[in-house]
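Have a look at the structure below before the remarks.
In the working numbering, the protein residues as written are 156 to 262.
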C-alpha cells in the first residue's frame, strides 16, 4: 500500500518551548487544508530526521497517535524510504504524549 505524502508547516521547531515548559526535541507542525478532530489543521510530529529547526517538511505518514482522552490525533511523518517502529515513535513523542492516554496505530 502506498503511503500518503504530505507537506508539513512547522510551527514548533526543535527547541521550541511551550507555555507549560515543555521543550520540543523534534519538529512539530500541521498539514494545511486537512482538518483534525479539534477543527484545526491536522497536527504532525516530524521524526527520523536530524535535530535541526525546520520551517517545512515533506514526507510520508507512517503512523497515527490516537488519544483516548482528547478529540484529536497526531500524524507521524518521516522521510520517504525510511522506517520507524512503534517503540521509537513512543520514545520520541513521550515529551508531550506522557500527558495523554494515547496509543500508536502503524499504517
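All residues carry an ideal CB built from backbone N, CA and C; glycine is no exception.
Check, Outcome
"C-alpha distance - residue 238 paired with residue 217, whole-angstrom precision", "8 Å"
"Extent of the continuous alpha helix (DSSP H) run through residue 252", "241-252"
"Straight-line gap, residue 223 to residue 256 (C-alpha atoms, nearest Å)", "5 Å"
"Residue-level contact to chain D via CB, residue 162, 7 Å cutoff", "The chain labelled as chain D is not found in the depicted structure, where only one protein chain is given."
"Euclidean distance between Cα positions of residue 210 and residue 164", "6 Å"
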